[in-house]
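K.L.:
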Amino acid sequence: MNYKLLGDEHVGRVGRDGSTLMERFLFSIAKQWIAGNTMDEAIAYARDANKKQMGAIINRLGEHMVSGEQIEKTVSEYLMLAANMRKNGVIGGISIKPTQVGLAKSARECTNNLERIINKASQSQSFVWIDMESSEYTEDTISIYLKLFEKYERLGIAVQANLRRTGRDVSMLLRHGAKIRLVKGAYRENAKTAFRTRREVDGNYRKITESLFSEGNEFAIATHDSAMIDFAVKLSRDHERRFEFQMLKGIRDELKPKLVRNGFSVSEYIPYGTNWLPYSIRRLKEKKRNILLLGSSFLQSHRV
Ligand SMILES: Cc1cc2nc3c(=O)[nH]c(=O)nc-3n(C[C@H](O)[C@H](O)[C@H](O)COP(=O)(O)OP(=O)(O)OC[C@H]3O[C@@H](n4cnc5c(N)ncnc54)[C@H](O)[C@@H]3O)c2cc1C
Numbered sequence: 007m008n009y010k011l012l013g014d015e016h017v018g019r020v021g022r023d024g025s026t027l028m029e030r031f032l033f034s035i036a037k038q039w040i041a042g043n044t045m046d047e048a049i050a051y052a053r054d055a056n057k058k059q060m061g062a063i064i065n066r067l068g069e070h071m072v073s074g075e076q077i078e079k080t081v082s083e084y085l086m087l088a089a090n091m092r093k094n095g096v097i098g099g100i101s102i103k104p105t106q107v108g109l110a111k112s113a114r115e116c117t118n119n120l121e122r123i124i125n126k127a128s129q130s131q132s133f134v135w136i137d138m139e140s141s142e143y144t145e146d147t148i149s150i151y152l153k154l155f156e157k158y159e160r161l162g163i164a165v166q167a168n169l170r171r172t173g174r175d176v177s178m179l180l181r182h183g184a185k186i187r188l189v190k191g192a193y194r195e196n197a198k199t200a201f202r203t204r205r206e207v208d209g210n211y212r213k214i215t216e217s218l219f220s221e222g223n224e225f226a227i228a229t230h231d232s233a234m235i236d237f238a239v240k241l242s243r244d245h246e247r248r249f250e251f252q253m254l255k256g257i258r259d260e261l262k263p264k265l266v267r268n269g270f271s272v273s274e275y276i277p278y279g280t281n282w283l284p285y286s287i288r289r290l291k292e293k294k295r296n297i298l299l300l301g302s303s304f305l306q307s308h309r310v
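Take 7 as the starting number for the sequence shown in our numbering and just add one per residue.
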């Protein structure tokens with residue numbers, strides 16, 4: 007984001023809570039994708055999703071943590087989240103980024119912390135998903151998943167169709183009976199590691215969707231792309247499988263109830279927390295129209 011484009015006088019003005027005008031403006035846009043700053047807001051939103059017959063997957067925002075104190079605080083927050091989901095009867099699970107719980111420091115620390123959370127979540131019948139981050143973490147994330155999956159059955163892992171390695175990873179994961187969430191991939195990668203064109207990424211997404219329907223069970227097709235969703239719907243007619251569609255909060259809200267009405271399982275990914283900026287920037291970049299929306303609403307609200 008080029009803050010300069012919007013003018014230093016707007017960016018720098020500080021409000022009573024210490025936030026700049028730019029931060030407050032970006033938060034007003036980000037609010038469509040996140041439940042709010044607090045766990046209570048996430049639980050309330052999740053209950054709402056349940057009322058609409060959707061599962062709720064709650065994520066505490068944050069990534070790339072290296073301070074021991076910060077990591078421990080995040081683990082405690084997830085432990086509390088698992089307990090609160092149970093107390094409030096939320097149907098669904100939680101989703102964790104490995105670098106929130108130590109992967110940027112060591113795989114061992116990450117594994118131990120994840121195990122503490124999964125243990126707690128399994129007592130409340132909550133499913134745990136491990137998000138996939140940038141490719142430098144893929145190998146470790148998969149190893150950690152396989153290690154924990156030996157002990158905990160209600161555990162899933164995200165894989166990214168934009169990575170060249172993912173077809174092979176999925177074949178190996180399926181041999182272990184892994185529970186897989188297929189996404190396109192949200193991180194910028196180099197051409198050696200990742201497919202760069204939409205055609206290639208979508209082609210790989212379809213290929214992996216076929217593998218999931220022929221060899222997998224209990225998997226998630228996580229996309230907002232109607233072409234990918236229609237493809238999965240078609241495959242589901244010939245392959246009876248337990249799977250669900252997963253979509254992010256605030257995206258394709260018109261499609262979610264239609265899929266539910268048509269008898270498909272749908273879950274909504276619901277992030278919350280104060281560290282909303284990196285997540286929101288990824289969402290903004292995913293659609294050109296979002297950038298235009300950002301520009302025009304800033305101009306309208308500030309008449310610059
Ligand atoms: C439940 C879930 C979990 C995820 N977990 C991970 C993860 O662990 N790791 C990871 O790298 N990525 C993850 N992602 C993000 C994913 O990789 C993509 O970046 C994101 O879903 C956009 O890709 P798409 O499949 O929707 O297809 P795209 O081709 O990007 O979009 C298809 C269509 O969907 C709509 N759309 C997509 N994004 C937006 C948006 N931001 N605003 C408005 N409309 C939009 C538009 O109509 C667009 O034309 C997850 C996504 C979901 C849904």
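Each residue gets a CB set at the ideal place from its N, CA and C atoms; glycine is no exception.
#1: Would you kindly work out how many angstroms separate the C-alpha atoms of Leu161 and Phe155, rounded to a whole number?
#2: Could you name the residues of the same chain whose beta carbon sits closer than 7 Å to that of Lys293, not counting the 5 residues immediately before and after it, in chain order?
#3: Just the Cα atoms here: how many angstroms apart are Ser232 and Val189?
#4: My assumption, with CB atoms under 8 Å, is that Tyr278 sits in contact with Gly42. Please give the rounded CB distance.
#5: Hey, could you find the ends of the alpha helix (DSSP H) Gln129 is sitting in?
#6: For Ala228, write down the residues that DSSP places opposite it in a beta bridge.
#7: Looking only at C-alpha atoms, which of Asn268, Ala200, Asp175 sits nearest to Asn168?
#8: Given a cut-off of 8 Å, decide if Asp146 and Leu109 are closer than it, judged by their beta-carbon atoms.
#9: Where does the unbroken alpha helix (DSSP H) through Pro284 begin, and where does it stop?
#10: For the stretch 153-208, list the beta strand (DSSP E) runs that are entirely contained and at least 3 residues long, ordered along the chain.
#11: What is the rounded straight-line gap between the Cα of Glu159 and the Cα of Arg202?
#12: With H, G and I counted as helix, E and B as strand and the rest as coil, what does DSSP make of Ala110?
#13: What's the gap between the Cα of His308 and the Cα of Arg187?
P.N.:
In terms of the structure at hand:
#1: The count along the sequence shown starts at 1 and reaches residue 161 at position 155. The count along the sequence shown starts at 1 and reaches residue 155 at position 149. Each residue's alpha carbon lies about 6 Å from the other.
#2: Taking the sequence shown and counting its residues from 1, one reaches residue 293 at position 287. Here the set comprises nothing.
#3: By 1-based counting over the sequence shown, the position of residue 232 is 226. By 1-based counting over the sequence shown, the position of residue 189 is 183. C-alpha separation (whole angstroms): 14 Å.
#4: Locating residue 278 in the sequence shown gives position 272, where the first residue counts as 1. Locating residue 42 in the sequence shown gives position 36, where the first residue counts as 1. Tyr278 to Gly42, Cβ: 6 Å. Contact.
#5: Mapped onto the sequence shown, residue 129 falls at position 123. Per DSSP, Gln129 belongs to the alpha helix (DSSP H) from 113-129.
#6: Within the sequence shown, residue 228 is the residue found at index 222, counting from 1. Gln252.
#7: Against the sequence shown, residue 168 aligns to sequence position 162. Comparing Cα positions, the closest option is Ala200.
#8: Residue numbering aside, residue 109 sits at position 103 when the sequence shown is read from its first letter. Residue numbering aside, residue 146 sits at position 140 when the sequence shown is read from its first letter. Yes, these two residues count as a Cβ contact at 8 Å.
#9: Your numbering for residue 284 matches position 278 in the sequence shown. Unbroken alpha helix (DSSP H) run through Pro284: 283-291.
#10: 161-166, 185-189
#11: Walking along the sequence shown from the start, residue 159 turns up at place 153. Walking along the sequence shown from the start, residue 202 turns up at place 196. Glu159 and Arg202: Cα-Cα distance of roughly 34 Å.
#12: By 1-based counting over the sequence shown, the position of residue 110 is 104. It is coil, neither helix nor strand.
#13: Indexing the sequence shown from 1 puts residue 308 at position 302. Indexing the sequence shown from 1 puts residue 187 at position 181. Annotation note: pLDDT 44 at His308 (below 50); position unreliable, coordinate value reported separately. Taking the straight line joining both Cα atoms gives about 41 Å.
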